[in-house]
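Visitor: Residue numbers (this note's numbering): 5 to 410. Even for Gly, the Cβ is constructed at its ideal location relative to N, Cα and C. Here the structure is a predicted model, which means the values were calculated and not measured.
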Amino acid sequence: MNYWKRVRNQLIFIGLAVPLGIAAGSIAALFGRVLLYIGNIRDEYVYFLLPFLGAIGVLILWSYQKFGGRSSKGMTLLFEAGHGSKEAIPLRLVPFVIMGTWLTHLFGGSAGREGVAVQIGGTLGHSLGRRLSIENGEKILLITGMAAGFSGLFRTPLAATFFALEVLTVGVLEYKALLPALTAAFTASYISGVLGLEKFSHTLAKGFPFSPSLLFKLLLLGVLFGIIGWLFSYLLHRIKRFFSEKGKNPLLRILIAGTAIGLLSLLCFQGRYSGLGTNLISMSLNEGVYSWDFALKFLFTILTLSVGFQGGEVTPLFSIGATLGAFLASLLGLPVAFTAALGYAAVFGSASNTLFAPILIGMEVFGPELLPYFIAVCGLSYACNGNLSIYPLQKKKIKKEKSEAI
5 MNYWKRVRNQ LIFIGLAVPL GIAAGSIAAL FGRVLLYIGN IRDEYVYFLL
55 PFLGAIGVLI LWSYQKFGGR SSKGMTLLFE AGHGSKEAIP LRLVPFVIMG
105 TWLTHLFGGS AGREGVAVQI GGTLGHSLGR RLSIENGEKI LLITGMAAGF
155 SGLFRTPLAA TFFALEVLTV GVLEYKALLP ALTAAFTASY ISGVLGLEKF
205 SHTLAKGFPF SPSLLFKLLL LGVLFGIIGW LFSYLLHRIK RFFSEKGKNP
255 LLRILIAGTA IGLLSLLCFQ GRYSGLGTNL ISMSLNEGVY SWDFALKFLF
305 TILTLSVGFQ GGEVTPLFSI GATLGAFLAS LLGLPVAFTA ALGYAAVFGS
355 ASNTLFAPIL IGMEVFGPEL LPYFIAVCGL SYACNGNLSI YPLQKKKIKK
405 EKSEAI
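Rendered as structure tokens:
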């Protein structure tokens, strides 16, 4: 491909990134604002809603079986498309994943939202790319849409861009999609902000003078956060496989398991571990968590996603990391908010097997002053995750420590 043709194609992709960002940002704003409203309703009527989590799970799963088609594969479809599959990602995925996630959250499931937004943006981008007769158009606009969806919901355009660039294949950054992804991410973030979706941010005090003691503590945090991210990925795959092999009737499986999850959530502090986990993040940054919060949020998220409910993993990973960091702060003699912020970013990076996205999200959420600390801790947690990811179809172009086959 000659130089001017590449320039022309880049200009086309950048031009298409603007309407793609507008569309993804608008849908993300609607999805995110309704999700927050649903969370408030659940918290107000927790005793009336959580016991019916299993029943609503049956409705979600039956709807997918009856009408969802291939959309039930969710995030897997985006990875298949990113790795060269010629099959279209069905547009019906968008309403199905939105409604399924809303219902999961309303009735007390522990799940996220970022994965949903990435699916929304990626589906729109891939559909647009299939209409172009440009080399690599489908993949570039898929990545562009993924960045737009992430950024539209979380309003962190730099982290969103690099997440989309690096998540499909470890060790490879899809530089051809960099400018379109940046354009779509900033557009989506702006649009969702205009539509009233607020960005979560928390300003922390500046870092500490360097000392051997601080360096040792940062290294220890990086290893621990990396292990927790690895364990989350490992158990998520294992328990999903267990339920699929042992529960031959998926509807009965989700009814029984969902009811048990809902009732256990009620018993554990009236739904404290339901939903996104943003309540735990806020409490972590203000020294209001229990030492066991990270473990119970970890458990409820694994169970919710393993039995077939809808939602992402990312925001619960933020809360798991933040609560773990807050717990470790007292043991290591570090400020709670500082250590919670490091855990917020690093556990997400370890579990998703991404490097640049967690560093950038730490900077965009907590401020650039702590960037060196995010680089150190997120880099080490990434190196200690056994090259395992919550995304089973993520390709590995670099070799880290070999992980046990799942």
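(1) Identify, in the order they occur along the chain, each residue of the same chain with its Cβ nearer than 6 Å to the Cβ of A33, setting aside the five sequence neighbours on each side.
(2) Quick one: grab the DSSP three-state call for T173.
(3) On the three-pair Cβ rule with 8 Å, is the segment 209-228 touching the segment 368-388?
(4) Just the Cα atoms here: how many angstroms apart are I124 and A192?
(5) Quick one: residues in its chain with C-beta nearer than 6 Å to the C-beta of F111, no 5 flanking neighbours on either side, listed in chain order?
(6) For Q314, count neighbouring Cβ atoms within 10 angstroms of its own Cβ and tell me buried if that reaches 16, exposed if not.
(7) What residue range is occupied by the uninterrupted alpha helix (DSSP H) comprising I260?
(8) Residues bridged to K400 by DSSP?
(9) Just to confirm before moving on: does the CB-CB distance between E170 and L162 stay below 8 Å?
(10) Helix, strand or coil: which one does DSSP assign to S354?
(11) Which same chain residues, not among the five before or five after S269, have their C-beta less than 7 Å away from its C-beta?
(12) With 16 other CB atoms within 10 Å as the buried threshold, where does N283 fall?
(13) With distances taken between CB atoms, is the gap from I147 to A168 smaller than 8 Å?
(14) Would you say Y49 faces chain D, with C-beta separation under 8 Å as the test?
(15) Rounding to the nearest angstrom, what Cα-Cα distance links I410 and L309 in this structure?
(16) Less than 8 Å between the C-beta atoms of L222 and Y377, yes or no?
(17) Can you pull the DSSP bridge partners for S114?
(18) Suppose contacts are defined by Cβ-Cβ distances below 8 Å. Is P254 in contact with S114 by that definition?
(19) Quick check: what's the CA-CA separation for A387 versus Y51?
(20) State the DSSP-derived secondary structure class of N13, mapped to helix, strand or coil.
(21) Cα separation between T327 and K77?
(22) Any contact between the segment 101-109 and the segment 61-70? By contact I mean 3 or more CB pairs, one from each, below 8 Å.
(23) When burial is assigned at 16 or more other CB atoms within 10 Å of the CB, is N357 buried or exposed?
(24) Using a Cβ-Cβ cutoff of less than 6 Å, which residues in the same chain neighbour A349 once the five nearest sequence positions on both sides are dropped?
(25) State yes or no: is the C-beta of G325 within less than 8 Å of the C-beta of G347?
(26) Can you tell me whether DSSP reads F52 as helix, strand or coil?
(27) Taking only the alpha-carbon atoms, compute the straight-line gap between P396 and G119 and give it to the nearest angstrom.
(28) If you measure between the beta carbons of F35 and L157, is that distance less than 8 Å?
(29) With DSSP run on the structure shown, which of helix, strand or coil describes N290?
(30) Leaving out five residues on either side along the sequence, give the residues of the same chain with a beta carbon under 6 Å from the beta carbon of G262.
(31) Helix or strand or just coil, what does DSSP make of H130?
(32) Note down the Cα distance separating V340 from G133, rounded to an integer number of angstroms.
(33) Short of 6 Å in beta carbon distance, which residues of its chain neighbour G329, apart from the five on each side in sequence? Order them along the chain.
(34) Would you mind working out which of A189, S295 and I306 sits nearest R245, comparing C-alpha positions?
(35) Please report how far the alpha carbon of H241 lies from the alpha carbon of S385, in whole angstroms.
(36) Look up P362 in the DSSP assignment and say whether it is helix, strand or coil.
Guide: Let's see:
(1) To locate residue 33, count along the sequence shown from 1; it is residue 29. S196, L199 and L201, listed in sequence order.
(2) Numbered from 1 along the sequence shown, position 169 holds the residue referred to as residue 173. The answer is strand: DSSP assigns T173 an E or B state.
(3) yes
(4) Position 120 of the sequence shown, counted from the start, is the residue given in the question as residue 124. Position 188 of the sequence shown, counted from the start, is the residue given in the question as residue 192. About 12 Å.
(5) In the sequence shown, the residue the question calls residue 111 occupies position 107. Cβ within range, chain order: L53, F56, L57 and I60.
(6) Residue mapping note: residue 314 aligns to position 310 of the sequence shown, counting from 1. Buried, because 16 or more other Cβ atoms sit within 10 Å of the Cβ of Q314.
(7) For the purposes of this step, residue 260 is taken as the residue at position 256 of the sequence shown. Element bounds for I260: P254 to L271.
(8) Taking the sequence shown and counting its residues from 1, the one referred to as residue 400 is at position 396. Bridge partners of K400: V174.
(9) In the sequence shown, the residue the question calls residue 170 occupies position 166. In the sequence shown, the residue the question calls residue 162 occupies position 158. No, they are not a contact pair.
(10) Locating residue 354 in the sequence shown gives position 350, counting from the first residue. Note: S354 maps to helix in three-state DSSP.
(11) As a working mapping, residue 269 is identified with position 265 in the sequence shown. Hits under 7 Å: L54, G112, G275, Y277, S278 and F304.
(12) The sequence position of residue 283 within the sequence shown is 279, counting from 1. Buried.
(13) One-based indexing of the sequence shown puts residue 147 at position 143. One-based indexing of the sequence shown puts residue 168 at position 164. Taking 8 Å as the Cβ cut-off, I147 and A168 qualify as a contacting pair.
(14) As a matter of chain content, chain D is missing from the structure shown, which is built from one protein chain.
(15) What you label residue 410 is simply residue 406 of the sequence shown in a count that begins at 1. What you label residue 309 is simply residue 305 of the sequence shown in a count that begins at 1. Interpretation of I410 is limited by its pLDDT of 42, a score under 50 that renders its predicted location unreliable; the figure taken from the coordinates is listed afterwards. Each residue's Cα considered, the two are about 17 Å apart.
(16) Mapped onto the sequence shown, residue 222 falls at position 218. Mapped onto the sequence shown, residue 377 falls at position 373. Going by C-beta atoms, L222 is nearer than 8 Å to Y377.
(17) Numbered from 1 along the sequence shown, position 110 holds the residue referred to as residue 114. S114 pairs with G279.
(18) The residue given as residue 254 occupies position 250 in the sequence shown. The residue given as residue 114 occupies position 110 in the sequence shown. No Cβ-Cβ contact shorter than 8 Å links P254 with S114.
(19) By one-based count along the sequence shown, residue 387 stands at place 383. By one-based count along the sequence shown, residue 51 stands at place 47. Near 43 Å, if we compare the C-alpha coordinates of Y51 and A387.
(20) Here residue 13 refers to the residue found at position 9 of the sequence shown. Residue state, collapsed to three classes: helix.
(21) The residue you call residue 327 lines up with position 323 of the sequence shown. The residue you call residue 77 lines up with position 73 of the sequence shown. Whole-angstrom Cα-Cα distance: 31 Å.
(22) yes
(23) What you label residue 357 is simply residue 353 of the sequence shown in a count that begins at 1. It counts as buried.
(24) On the sequence shown, residue 349 is found 345 positions in, with the first residue counted as 1. Closer than 6 Å at Cβ, skipping near neighbours: P362, I365, G366, F378 and C382.
(25) By one-based count along the sequence shown, residue 325 stands at place 321. By one-based count along the sequence shown, residue 347 stands at place 343. Cβ distance < 8 Å, so G325 and G347 count as in contact.
(26) Within the sequence shown, numbered from 1, the residue matching residue 52 stands at position 48. Helix at F52.
(27) Locating residue 396 in the sequence shown gives position 392, counting from the first residue. Locating residue 119 in the sequence shown gives position 115, counting from the first residue. The alpha-carbon separation between P396 and G119 amounts to approximately 14 Å.
(28) Start at 1 with the first residue of the sequence shown, and residue 35 comes out as number 31. Start at 1 with the first residue of the sequence shown, and residue 157 comes out as number 153. Contact flag set, yes.
(29) In the sequence shown, counting from the first residue as 1, residue 290 sits at position 286. If DSSP states are grouped into helix, strand and coil, N290 belongs with coil.
(30) The residue labelled residue 262 in the question sits at position 258 within the sequence shown. Non-local beta-carbon contacts of G262 in its own chain, meaning distances under 6 Å to residues more than five positions away in sequence, involve L57, G58 and G61 in chain order.
(31) As a position in the sequence shown, residue 130 is number 126, starting the count at 1. Here H130 sits in helix by DSSP.
(32) Residue 340 sits at position 336 when you count from the first residue of the sequence shown. Residue 133 sits at position 129 when you count from the first residue of the sequence shown. When the Cα atoms are used, V340 and G133 turn out to be separated by approximately 45 Å.
(33) Translated into the one-based positions of the sequence shown, residue 329 becomes position 325. Contacts found: T343, A344, L346 and G347.
(34) The residue given as residue 245 occupies position 241 in the sequence shown. Of the candidates A189, S295 and I306, the one whose C-alpha sits nearest the C-alpha of R245 is I306.
(35) Counting from one through the sequence shown, the residue named residue 241 turns up at place 237. Counting from one through the sequence shown, the residue named residue 385 turns up at place 381. H241 and S385: Cα-Cα distance of roughly 20 Å.
(36) As a first step, residue 362 must be located in the sequence shown, where it is residue number 358. If DSSP states are grouped into helix, strand and coil, P362 belongs with the helices.
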